[in-house]
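*Asks:* Below is one structure. I have some questions about it.
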Amino acid sequence: MRKLLPLTLLFGCGIKANPETLPKPEVQIWRIGEYVYVFSLSGNIEVRGFQKEENYWYLKKGDAFCFDVLREGGKKGRFCVQEAIREKPSVRLIEEGNRLGLSPYGFQSYMLYPVEDGKIKVQKGRVIKEPIELPRDYFRRCYALAGVKGNLQSEPVNFCLEPKPPPSIPEVQRLELRLGERKAYLLWSYVEEYREFLVFKNGKLLGSTLGFVYEVDPPSRGDTFTVKVVHPLGFQSSGVSLIYSP
């Protein structure tokens, strides 16, 4: 009679399969002039030879080239880009009050990007196919305009839109100084929108407050107190002052 092998020999070895390796990296690649930008569409990546900035990798290289992208915990992928389009689009800018008219030409379509701290915000770009108007606000805004040809974008043209004059900021009203036993108090009223108030003594900043009362040390004759309004956009008023003269 045949003997049966113990089940432990057939099924009890306890060997575990290797964890499944993640697939190759999935990326989005932008070439804007001589700069190549690589964004990950899934998981963390490392792009060999590139520099990392926030959530993307970039490299300045105008020639056609290939590069490796390694997915964290996964496989390596190889990608290639074409040579940069070195010509720039032409653009006509016309200021009209609080707007800037922008008329690009030289390409069939364009990408307009905001520029912040000298860097193109690639993921905030928008397509332009005809003249547009850009509104002017209280801050200096800079842009980069690139022409589009196939899946490439040209060397961009950079320009800035100067701010309009700051808004008129109403001052505090009824500023007065009241003396207590050990402290003094500045009081005022205000009905407009504001971010905060700044309090100065003899030209030196004491602090800020959201209310309409500010505690100070007992003043000496001739001390000057000034209260300035900070607008919601960050602009400051000229300030209202009083001089202590008992």
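In our numbering, the protein residues as written are 17 to 262.
We put the beta carbon where it would ideally sit given N, CA and C, even for glycine.
Are there three or more Cβ pairs, one per stretch, closer than 8 Å when the segment 115 to 128 is compared with the segment 156 to 171?
*Replies:* Yes, since at least three Cβ pairs between the segment 115 to 128 and the segment 156 to 171 fall closer than 8 Å, the two stretches touch.
*Asks:* What residue does the beta strand (DSSP E) around Y154 start on, and which one ends it?
*Replies:* Segment: none, Y154 is in no beta strand (DSSP E) and carries neither H nor E.
*Asks:* Which residue wins for smallest C-alpha separation from R157, given the options L258, P130, V173 and W46?
*Replies:* Selected option, being the one with the closest Cα: P130.
*Asks:* If we count Cβ pairs, one from each stretch, closer than 8 Å, do we get three or more for the segment 69 to 89 versus the segment 107 to 118?
*Replies:* Judged by Cβ distances under 8 Å, the segment 69 to 89 makes no contact with the segment 107 to 118, as fewer than three pairs qualify.
*Asks:* Could you please give the first and the last residue of the uninterrupted beta strand (DSSP E) stretch that includes I48?
*Replies:* Run containing I48: V43 to I48, per the beta strand (DSSP E) assignment.
*Asks:* Around the Cβ of F155, are there at least 16 other Cβ atoms within 10 angstroms (buried) or fewer (exposed)?
*Replies:* Exposed.
*Asks:* Mind reading off the beta-carbon distance from V215 to G227? Whole number of angstroms is fine, and I expect it under 8 Å.
*Replies:* Their Cβ separation, rounded to whole angstroms, is 11 Å, which puts V215 and G227 out of contact at 8 Å.
*Asks:* What are the complete beta strand (DSSP E) segments, minimum 3 residues, inside the segment 176 to 250?
*Replies:* List check, beta strand (DSSP E) in window: 189 to 195, 200 to 205, 212 to 217, 220 to 225, 229 to 232 and 240 to 246.
*Asks:* Relative to the alpha-carbon of I259, which residue among F213, L191 and L57 has its alpha-carbon at the smallest distance?
*Replies:* Checking every option, the nearest Cα to that of I259 belongs to L191.
*Asks:* Can you grab the Cα-Cα spacing for the pair K40 / G93, in whole Å?
*Replies:* Distance between the alpha carbons of K40 and G93 is about 6 Å.
*Asks:* Look at Q67 and L57 and say whether their C-beta atoms are less than 9 Å apart.
*Replies:* No; because the gap between Cβ atoms is not below 9 Å, this pair is not in contact.
*Asks:* Quick one: measure Cβ to Cβ for F241 and K217, integer angstroms, because I've assumed they're closer than 8 Å.
*Replies:* Correct: roughly 6 Å between the Cβ atoms.
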